[in-house]
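Let me begin by presenting the structure, written as structure tokens, before commenting on it.
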Amino acid sequence: MKTRKAPVRTCVGCQTTSDKRAFVRVVRTPEGHVELDPTGRANGRGAYLCAEKDCFTAARLKRRLDRALKVSLRDDDYDRLARDFDELLDNLSSQQGR
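The following block contains the structure:
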């Protein structure tokens, strides 16, 4: 029996390629909302970021999420995503500390 390959994705911030589970998914839902998808299973167009603040900052400065999700994000959308991203990183680091 063949072994299955793990899905590989690329970070839109730093262009690093790795296993899908190493990334945080940002999704544009069918309704047009952009949000973080911690489960990686939400319906919609997705883009992936490393779980590092620098990658989010790079993606924001170069508007790479706009291109990857095929949507125009306003600054307040990026601010909301940044808060959610920071909160998610805090949760991930506290879970790893256990």
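So for the sequence shown, this note's numbering puts the first residue at -2; every next one is plus one. Ideal Cβ placement from N, Cα and C applies to all residues, glycine included.
First through last residue of the beta strand (DSSP E) which encompasses residue i
i: residue 52; result: Segment 50 to 58 is the alpha helix (DSSP H) holding residue 52; no beta strand (DSSP E) there.
i: residue 66; result: First-last for residue 66: 61 to 66, but that is the alpha helix (DSSP H), not the beta strand (DSSP E).
i: residue 32; result: 31 to 34
Backbone CA spacing between residue i and residue j [nearest angstrom]
i: residue 49; j: residue 57; result: 13 Å
i: residue 17; j: residue 10; result: 15 Å
i: residue 82; j: residue -2; result: 40 Å
Residues bridged to residue i (per DSSP)
i: residue 45; result: 8, 22
i: residue 69; result: Note: residue 69 sits in no beta bridge, so no partner.
i: residue 14; result: 7
Terminal residues of the alpha helix (DSSP H) in which residue i lies
i: residue 78; result: 72 to 93
At least three beta-carbon pairs within less than 8 Å, the region 32 to 46 to the region 61 to 71: Pairwise C-beta distances place the region 32 to 46 in contact with the region 61 to 71, as three or more of them are shorter than 8 Å.
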